[in-house]
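Using UniProt numbering, the first residue of the sequence shown is number 1, and each one after it goes up by one. Note that beta-carbon positions come from the ideal geometry of N, C-alpha and C, so glycine has one too. Keep in mind it's a predicted model, so treat the numbers as computed, not measured.
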Amino acid sequence: MQLHGGGDQPLWRWVGNKPLVRLDDRKRQSGCDRLAINVSGMRYETQLRTLAQFPDTLLGDSQRRLRYFDPLRNELFLDRNRICFEAILYFYQSGGRLRRPANVPLDIFMEELHFYELGEETIDRFKEDEGFPKEEERPLPAKKWQQKIWMLFEYPESSGGARIIAIISVMVIILSILIFCLETLPEFRQEKERREVRSFQGFEDECFTPFHDPFFIVETICICWFSFELIMRFISAPSKMSFFKDVMNVIDFLAILPYFVTVGTELGKDKDTQPSVSLALIRVIRLVRVFRIFKLSRHSKGLQILGQTLKASLRELALLIFFLFIGVIIFSSAAYFAEADSPNTAFTSIPEAFWWAVVSMTTVGYGDMCPITVGGKLVGSMCAIAGVLTISLPVPVIVSNFSYFYHREMECEDTREYHHVSTSVWEKNCKTWGNLSSPQLHAMSNPASRCQTES
């Protein structure tokens, strides 16, 4: 028995009750057979040997593409995007070159790539051509309990508990930064500095110690959370060496270091001897607490994009600093010699004029130093104009890098949210043609199975 399509040539042959066999399987080896593909009303034709170059894809596998075959019209019918299909067809014709049409959004084209089952390797290569960073595998610890801890503290999107921990971490960081700023208010700072000076001079206030300070108590609570977070990450890290090399972990360590230095200084202080650590050094160590604000970058995509932009723009930033350096040398020297004959000039030397040149070239203009002679004013005018031109040249490149990383991150989020669902007008009514038996084929009443039959 043979099964015919719309033409006179038989498409399939039955051998007893064995599965359906395409008659063109033998012809396909010759490479001369053509296949018609109807994509949303637009008809395309290509040779079977062209599709056979990639047998693991939807169109390259005769069994998989059979789901979409319309026996009445003797063609494949795909209710898909036409413009994308032309790029897909060119992928087969060119032997693997995949290019996205300019007027097709990335998320739509990615959806078509998944539908045609071009394979993860092809899709990864396409992403690389589009400028996407290569997705690095996330290493996980070997033990189950370590994996759970690592996912909780390292990947906030992994679970609800991880999101709660991330929210707590952000709130503690903000509280710590708020305390760091509030304790510098005059009404709090003066009393605290008075006690510190008396302490470093050898006088001890019996009724008040630094451990009674409300700011210190809140700081202790924040440090307990930061330390707990850092310890949990360390004991669950897949690689301890990689853990110490991570910049974010270094920032976490620097964020808690000033607290322990301060506590160690207070505990090791002897009433009868001079303190071993100077007050100025203590203040510098406390200044390191400002690094805690960088801990927010672990939870902020915007800060991560900014960091990537600065990293990608290092050459442009170096050029900007180099141009400013040259301009500062030239215009500070010119201003000094132009003002040399004026007795009331503020430009007493070329190094003294450096500050004025930097302020003028960056268009800040504090006004604390200004030329008073005609020659000095001309030099100042040229300095301001040169500064505007110098700064404006590299800025578009930096803005372009930021725009690139920002849109790439947005497109990455769109592709992560994509969940592919394969749909076909034919597979709702029948399974793969090659798996049907003769009685089932006769029993089907949908249009896909209304075929002429000959014995």
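Grouping DSSP H, G and I as helix and E and B as strand, with all else coil, what is residue i?
i, result
"Phe-347", "coil"
"Ile-37", "strand"
"Thr-373", "coil"
"Ser-239", "coil"
"Ala-166", "helix"
"Gly-307", "helix"
"Pro-396", "helix"
"Leu-287", "helix"
"residue 512", "There is simply no residue 512 to check, as the chain begins at 1 and stops at 455 in what is shown."
"Ser-176", "helix"
"Ser-333", "helix"
"Val-364", "coil"
"Lys-295", "helix"
"Gly-161", "helix"
"Thr-262", "helix"
"Asn-429", "Confidence at Asn-429 is low in this model, with a pLDDT of 42, below 50, so the placement of that residue is unreliable and no value is reported for it."
"Thr-220", "helix"
"Gly-31", "Note on Gly-31: pLDDT 46, under 50, position unreliable in the model; no value is reported."
"Ala-353", "helix"
"Leu-317", "helix"
"Tyr-404", "helix"
"Thr-390", "helix"
"Ser-338", "Checking the sequence shown, residue 338 turns out to be Ala, not Ser. Helix at Ala-338."
"Glu-183", "coil"
"Pro-141", "coil"
"Gly-268", "coil"
If you measure between the beta carbons of residue i and residue j, is that distance less than 7 Å?
i, j, result
"Phe-215", "Leu-254", "no"
"Ala-312", "Gly-376", "no"
"Leu-59", "Leu-51", "yes"
"Met-232", "Phe-153", "yes"
"Cys-84", "Phe-109", "yes"
"Ile-223", "Ile-256", "yes"
"Ala-66", "Ile-37", "For the record, residue 66 in the displayed sequence is Leu; it is not Ala. Contact: no."
"Arg-289", "Phe-180", "yes"
"Val-39", "Arg-73", "no"
"Val-328", "Ala-357", "yes"
"Lys-295", "Ile-168", "no"
"Glu-339", "Pro-371", "yes"
"Gly-387", "Met-369", "no"
"Phe-325", "Cys-383", "no"
"residue 458", "Arg-298", "Past the edges of the chain, shown from 1 to 455, lies residue 458, and the structure says nothing about it."
"Ile-149", "Tyr-116", "no"
"Leu-48", "Asp-70", "no"
"Leu-230", "Asp-246", "no"
"Gln-147", "Pro-139", "no"
"Ile-221", "Glu-316", "no"
"Tyr-366", "Val-359", "yes"
"Leu-78", "Tyr-68", "yes"
With a threshold of 7 Å between beta carbons, is residue i in contact with chain E?
i, result
"Glu-229", "You won't find chain E in this structure, because it holds only one protein chain."
Below 6 Å, is the gap between the Cβ of residue i and the nearest heavy atom of the ligand COA?
i, result
"Phe-54", "With respect to the ligand COA, the structure shown offers nothing to examine, as it has no ligands at all."
Exercise. List in chain order: all unbroken beta strand (DSSP E) runs of 3+ residues lying wholly within the UniProt domain "BTB" (33-133).
Key: 34-39, 42-47, 75-78
Quiz item: If we count Cβ pairs, one from each stretch, closer than 8 Å, do we get three or more for the segment 381-394 versus the segment 310-329?
Solution: yes
Quiz item: Between the segment 232-243 and the segment 261-268, do at least 3 Cβ pairs fall closer than 8 Å?
Solution: no
Quiz item: Would the segment 94-102 and the segment 156-169 be scored as touching if the rule is three or more Cβ pairs under 8 Å?
Solution: no
Quiz item: Is it a yes or a no for the segment 336-355 touching the segment 290-310, going by three-plus beta-carbon pairs under 8 Å?
Solution: Two segments are said to touch when three or more pairs of C-beta atoms, one from each, lie closer than 8 Å; by this definition the segment 336-355 does not touch the segment 290-310.
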